[in-house]
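Enquirer:
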Amino acid sequence: MENRADGAMPRQRTKDLAVRAHCEETLVLDRRTGTAHCLPAEVTRIWDACTGRNTLAEIASAAGVAEPTAASAVDQLISLDLLEVPAGFDRRELLRRGALVGAGIAAAGIESVVAPAPSAQASPQTMTLQQQCTGTNSRELFITLKNPASSPSGYNFIVTVPTGVSGQGNISFNGTTGQGAFNITNATSTITIQLRDNNGNVIVLTKTFTCTICPTTTPQPIQACT
Amino acid sequence: VLLTAVGYGRRVGLRLPSADVEAVRGRLPHWWTHTGAAPERTWELASAGQADYVLGEIELWVAEHAVDRIFVHAGVVAIDGRALLLPGRSAAGKTTLTAALLAAGAAYGSDEYAVLSPDGRVHPYARPLEIRDGAGRTRVSAADLGAATFAEPVPVAAVAQLHYQPGCGYLVAPISAGVAVLRLFDHTVCARSRAAEALDTLVAATHRIRAVAGSRGEASSAVPAVRALVGG
Numbered sequence: 001m002e003n004r005a006d007g008a009m010p011r012q013r014t015k016d017l018a019v020r021a022h023c024e025e026t027l028v029l030d031r032r033t034g035t036a037h038c039l040p041a042e043v044t045r046i047w048d049a050c051t052g053r054n055t056l057a058e059i060a061s062a063a064g065v066a067e068p069t070a071a072s073a074v075d076q077l078i079s080l081d082l083l084e085v086p087a088g089f090d091r092r093e094l095l096r097r098g099a100l101v102g103a104g105i106a107a108a109g110i111e112s113v114v115a116p117a118p119s120a121q122a123s124p125q126t127m128t129l130q131q132q133c134t135g136t137n138s139r140e141l142f143i144t145l146k147n148p149a150s151s152p153s154g155y156n157f158i159v160t161v162p163t164g165v166s167g168q169g170n171i172s173f174n175g176t177t178g179q180g181a182f183n184i185t186n187a188t189s190t191i192t193i194q195l196r197d198n199n200g201n202v203i204v205l206t207k208t209f210t211c212t213i214c215p216t217t218t219p220q221p222i223q224a225c226t
Numbered sequence: 001v002l003l004t005a006v007g008y009g010r011r012v013g014l015r016l017p018s019a020d021v022e023a024v025r026g027r028l029p030h031w032w033t034h035t036g037a038a039p040e041r042t043w044e045l046a047s048a049g050q051a052d053y054v055l056g057e058i059e060l061w062v063a064e065h066a067v068d069r070i071f072v073h074a075g076v077v078a079i080d081g082r083a084l085l086l087p088g089r090s091a092a093g094k095t096t097l098t099a100a101l102l103a104a105g106a107a108y109g110s111d112e113y114a115v116l117s118p119d120g121r122v123h124p125y126a127r128p129l130e131i132r133d134g135a136g137r138t139r140v141s142a143a144d145l146g147a148a149t150f151a152e153p154v155p156v157a158a159v160a161q162l163h164y165q166p167g168c169g170y171l172v173a174p175i176s177a178g179v180a181v182l183r184l185f186d187h188t189v190c191a192r193s194r195a196a197e198a199l200d201t202l203v204a205a206t207h208r209i210r211a212v213a214g215s216r217g218e219a220s221s222a223v224p225a226v227r228a229l230v231g232g
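Here the protein sequences line up with chains A and B, keeping their order. Each residue of the first sequence is one higher than the one before, starting from 1 at the first, in the working numbering. Each residue of the second sequence is one higher than the one before, starting from 1 at the first, in the working numbering.
(1) Mind pulling the chain A residues with CB within less than 8 Å of residue 60/B?
(2) Of all Cβ atoms in chain A, is any one closer than 9 Å to the Cβ of residue 33/B?
(3) Would you check whether the ligand SAH has a heavy atom nearer than 8 Å to the C-beta of residue 184/B?
(4) Under 8 Å by Cβ, that's how I've got residue 109/A and residue 40/A pegged, so tell me the actual separation to the nearest angstrom.
(5) Flag this pair as yes or no: are the beta carbons of residue 77/B and residue 36/B separated by less than 9 Å?
(6) Take residue 128/A as the anchor and find which of 118/B, 53/B and 173/B has the nearest alpha-carbon.
(7) Using DSSP bridges, identify the partner residues of residue 223/B.
(8) Quick one: list the residues of chain B neighbouring residue 36/A, beta-carbon separation under 7 Å, in chain order.
(9) Which of the three DSSP states, helix, strand or coil, is assigned to residue 106/A?
(10) Taking the DSSP output, what are the residues bridged to residue 43/B?
(11) Can you pull the chain B neighbours of residue 65/A, defined as C-beta to C-beta under 9 Å?
(12) My output table needs one value for residue 64/B: the three-state DSSP class, helix, strand or coil.
(13) Are any of the Cβ atoms in chain A nearer than 9 Å to that of residue 64/B?
(14) Starting from residue 257/A, find everything on chain B with Cβ-Cβ shorter than 7 Å and list it in chain order.
(15) Note down the Cα distance separating residue 11/A from residue 165/B, rounded to an integer number of angstroms.
(16) With 9 Å set as the bound, which would you pick, yes or no: does the beta-carbon of residue 25/A sit closer than that to a beta-carbon of chain B?
(17) For a quick check, are the C-beta atoms of residue 160/B and residue 99/B less than 9 Å apart?
(18) Are the C-beta atoms of residue 207/B and some chain A residue less than 9 Å apart?
(19) Report yes if the C-beta distance between residue 190/B and residue 64/B is below 9 Å; otherwise report no.
(20) Kindly identify the DSSP beta-bridge partner or partners of residue 59/A.
(21) Please classify residue 186/B as buried or exposed, where buried requires at least 16 other C-beta atoms within 10 Å of its C-beta.
(22) When DSSP labels each residue in this structure, what does residue 151/A get in the three-state scheme?
(23) Mind checking which residues open and close the alpha helix (DSSP H) that includes residue 30/A?
(24) Taking the beta strand (DSSP E) that residue 210/B falls in, what are its first and last residues?
(25) Which residue comes first and which comes last in the beta strand (DSSP E) that contains residue 79/A?
(26) Could you give the C-beta distance for residue 203/B and residue 27/A, rounded to a whole number, given that I count them as a contact under 8 Å?
(27) In chain order, what residues of the same chain lie with their CB nearer than 8 Å to the CB of residue 167/B, ignoring the 5 residues before and after it?
(28) Run through chain B and tell me which residues come within less than 8 Å of residue 29/A, C-beta to C-beta.
(29) 9 Å is my cut-off, CB to CB: does residue 98/B come that close to chain A?
(30) Would you give the residue range spanned by the beta strand (DSSP E) that residue 114/B belongs to?
(31) Cutting at 6 Å between CB atoms, please list the residues of its own chain near residue 44/B, excluding the five before and the five after it.
(32) From the DSSP output, in three-state form, read off residue 15/A for me.
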């Protein structure tokens with residue numbers, strides 16, 4: 001990396017990037033991946049010095065950092081595809097020099113965010129409930145959740161029913177609709193379903209349904225609760 | 001029946017059975033302004049029971065495609081004419097903390113969206129607060145909570161990305177302006193479809209801010225520290 005005569009030096013990628021200076025930091029939007037990066041002040045200076053002509057020592061000097069720090073940051077910028085690496089560039093040597101400050105993006109303090117889908121900002125909206133009496137004093141509940149969010153995988157369902165009744169199960173999501181089946185062991189007419197966050201702490205959605213009471217041991221077709 | 005409206009420069013339509021019009025009318029988004037112009041997109045509502053879901057989709061679409069506005073999923077209050085943004089996903093506790101700040105004298109902006117113009121100022125999105133409790137969701141206006149709603153756009157003074165953790169204290173760390181931009185970007189509705197425009201707006205909004213991220217316990221306990229972010 002010290003030999004600039006061979007031309008094998010990393011340089012800032014410019015294509016498909018939107019770059020915004022923000023105070024001493026730099027925000028970089030990678031249009032290819034939809035990822036936004038925040039380069040801290042130190043990494044900004046290192047990135048600015050990656051002209052394709054500077055040696056590692058010159059990059060470190062321009063940024064006011066030690067060479068291992070510059071090597072680690074350059075390696076991480078390469079990993080994030082923010083630097084173009086010409087043929088002949090010896091990345092193993094770079095890794096060796098940067099090993100003193102550790103590996104990984106965290107070492108340089110670069111934070112990245114992949115642009116979320118609009119639906120990630122939506123709240124769960126509706127819930128429906130059906131039941132099927134399965135006989136032997138039990139019934140199965142079918143819960144459907146419709147939500148603009150496409151992947152509310154962070155939610156768990158907690159089923160709350162009157163005293164003496166218990167039941168719990170899982171729900172899986174496909175697109176904007178989630179469905180799950182629950183077995184409960186006692187007949188009841190009122191079922192309250194609570195959707196909680198993935199820690200089970202915060203109630204996101206609550207709805208109470210009224211279901212027809214099952215005959216004790218006679219299987220019945222699926223019917224909607226109201 | 002086709003109800004048509006314009007909101008944030010976009011024209012939308014809602015087709016529904018005539019018998020359901022009255023039931024749905026009271027649940028339309030607060031920005032719903034009737035227009036006779038043809039909608040750019042129309043949603044179908046088979047029954048009033050689907051209203052919350054379908055209206056949620058309409059609100060989200062307008063939020064993504066609003067003209068000259070960037071919608072960030074965040075609670076918003078103003079203190080002494082400067083805004084505090086509380087970005088967070090659903091169930092992060094935005095509404096609860098927003099309501100607690102209103103009780104402490106802040107002016108209401110939104111419990112759902114920070115609406116930013118290109119100059120980085122925040123406009124109110126003053127829908128009723130949707131407060132969740134054991135009985136479900138209750139809609140309460142800021143006025144019912146004894147709070148004013150700010151009318152003119154205000155500059156951003158602070159960003160607090162807080163997640164509710166029961167029994168937890170106020171455990172936050174400062175974040176830089178650049179990282180605050182990323183955290184807001186992560187809660188921006190049009191982050192995919194209008195990424196560069198969103199980034200420019202967020203940069204404009206965060207030039208002179210204080211920002212923290214972390215967790216909080218009960219909202220009332222967090223209010224003094226959160227208010228201080230703006231007051232400083």
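Glycine included, C-beta positions come from ideal geometry on N, C-alpha and C.
Expert: Short version:
(1) Working through the second sequence from its first residue, we reach residue 60/B at position 60. In chain order: 118, 119, 121, 122 and 148.
(2) Here residue 33/B corresponds to residue number 33 of the second sequence, with the count starting at 1. No Cβ of chain A is located within less than 9 Å of the beta carbon of residue 33/B.
(3) As far as ligands go, the structure on display features none, and thus does not contain the ligand SAH.
(4) Against the first sequence, residue 109/A aligns to sequence position 109. Against the first sequence, residue 40/A aligns to sequence position 40. With a beta-carbon spacing of about 5 Å, residue 109/A and residue 40/A fall inside the 8 Å limit used to define contacts.
(5) Here residue 77/B is taken as the residue at index 77 of the second sequence, counted from 1. Here residue 36/B is taken as the residue at index 36 of the second sequence, counted from 1. At the C-beta level, residue 77/B and residue 36/B stay beyond 9 Å of one another.
(6) Locating residue 128/A in the first sequence gives position 128, counting from the first residue. The candidate whose alpha carbon is nearest that of residue 128/A is 53/B.
(7) As a first step, residue 223/B must be located in the second sequence, where it is residue number 223. DSSP output for residue 223/B lists no bridge partner at all.
(8) Your numbering for residue 36/A matches position 36 in the first sequence. Near residue 36/A (Cβ distances below 7 Å), the residues of chain B are 182, 185 and 199.
(9) Translated into positions along the first sequence, residue 106/A becomes position 106. Unreliable positioning characterises residue 106/A in this predicted model, as indicated by a pLDDT of 44, which lies under 50. A coordinate reading is not provided.
(10) On the second sequence, residue 43/B is found 43 positions in, with the first residue counted as 1. In the DSSP assignment, residue 43/B is bridged to 14/B.
(11) Numbered from 1 along the first sequence, position 65 holds the residue referred to as residue 65/A. Neighbours of residue 65/A on chain B: none; closest Cβ ~18 Å, over 9 Å.
(12) Position 64 of the second sequence, counted from the first residue, corresponds to residue 64/B. Here residue 64/B sits in helix by DSSP.
(13) Taking the first residue of the second sequence as position 1, residue 64/B is located at position 64. It does; some Cβ of chain A falls within 9 Å.
(14) Residue numbering for chain A in the displayed model covers 1 to 226; residue 257/A lies beyond these limits and cannot be assessed.
(15) As a position in the first sequence, residue 11/A is number 11, starting the count at 1. As a position in the second sequence, residue 165/B is number 165, starting the count at 1. Straight through space, the alpha carbons of residue 165/B and residue 11/A are spaced by roughly 44 Å.
(16) Here residue 25/A refers to the residue found at position 25 when the first sequence is read from its first residue. Yes, its Cβ sits closer than 9 Å to a Cβ of chain B.
(17) Indexing the second sequence from 1 puts residue 160/B at position 160. Indexing the second sequence from 1 puts residue 99/B at position 99. No Cβ-Cβ contact shorter than 9 Å links residue 160/B with residue 99/B.
(18) Along the second sequence, read from residue 1 onward, the residue named residue 207/B stands at position 207. Residue 207/B belongs to the set of residues whose beta carbon lies under 9 Å from a beta carbon in chain A.
(19) As a first step, residue 190/B must be located in the second sequence, where it is residue number 190. As a first step, residue 64/B must be located in the second sequence, where it is residue number 64. Less than 9 Å separates the beta-carbon of residue 190/B from that of residue 64/B.
(20) Indexing the first sequence from 1 puts residue 59/A at position 59. None, per the DSSP bridge assignment.
(21) On the second sequence, residue 186/B is found 186 positions in, with the first residue counted as 1. The residue in question, residue 186/B, is buried, as its Cβ has 16 or more Cβ neighbours within 10 Å.
(22) Taking the first sequence and counting its residues from 1, one reaches residue 151/A at position 151. Residue placement at residue 151/A cannot be trusted, given a pLDDT of 42 that sits under 50; what the coordinates show is reported in the next sentence. When DSSP states are grouped into helix, strand and coil, residue 151/A belongs to the coil group.
(23) Working through the first sequence from its first residue, we reach residue 30/A at position 30. For residue 30/A, no alpha helix (DSSP H) run applies; the uninterrupted beta strand (DSSP E) run containing it begins and ends at 25-30, by DSSP.
(24) In the second sequence, residue 210/B corresponds to position 210, counting from 1. For residue 210/B, the uninterrupted beta strand (DSSP E) run begins and ends at 210-216, by DSSP.
(25) If you number the first sequence from 1, residue 79/A lands on position 79. Premise fails: residue 79/A lies in the alpha helix (DSSP H), 67-79, not in any beta strand (DSSP E).
(26) Here residue 203/B corresponds to residue number 203 of the second sequence, with the count starting at 1. Here residue 27/A corresponds to residue number 27 of the first sequence, with the count starting at 1. About 7 Å separates the two Cβ atoms, so the contact holds.
(27) Within the second sequence, numbered from 1, the residue matching residue 167/B stands at position 167. Taking C-beta separations shorter than 8 Å and ignoring five residues to either side along the sequence, the partners of residue 167/B in its chain run 217, following chain order.
(28) Here residue 29/A refers to the residue found at position 29 of the first sequence. Simply 195, 196 and 199.
(29) Position 98 of the second sequence, counted from the first residue, corresponds to residue 98/B. With a threshold of 9 Å between beta carbons, residue 98/B makes no contact with chain A.
(30) The sequence position of residue 114/B within the second sequence is 114, counting from 1. Counted as a single uninterrupted DSSP element, the beta strand (DSSP E) harbouring residue 114/B occupies residues 113-116.
(31) Position 44 of the second sequence, counting from 1, holds the residue named residue 44/B. Contacts found: 15.
(32) Counted from its first residue, the first sequence places residue 15/A at position 15. In the structure shown, residue 15/A sits in coil (DSSP, three-state: anything other than H, G, I, E or B).
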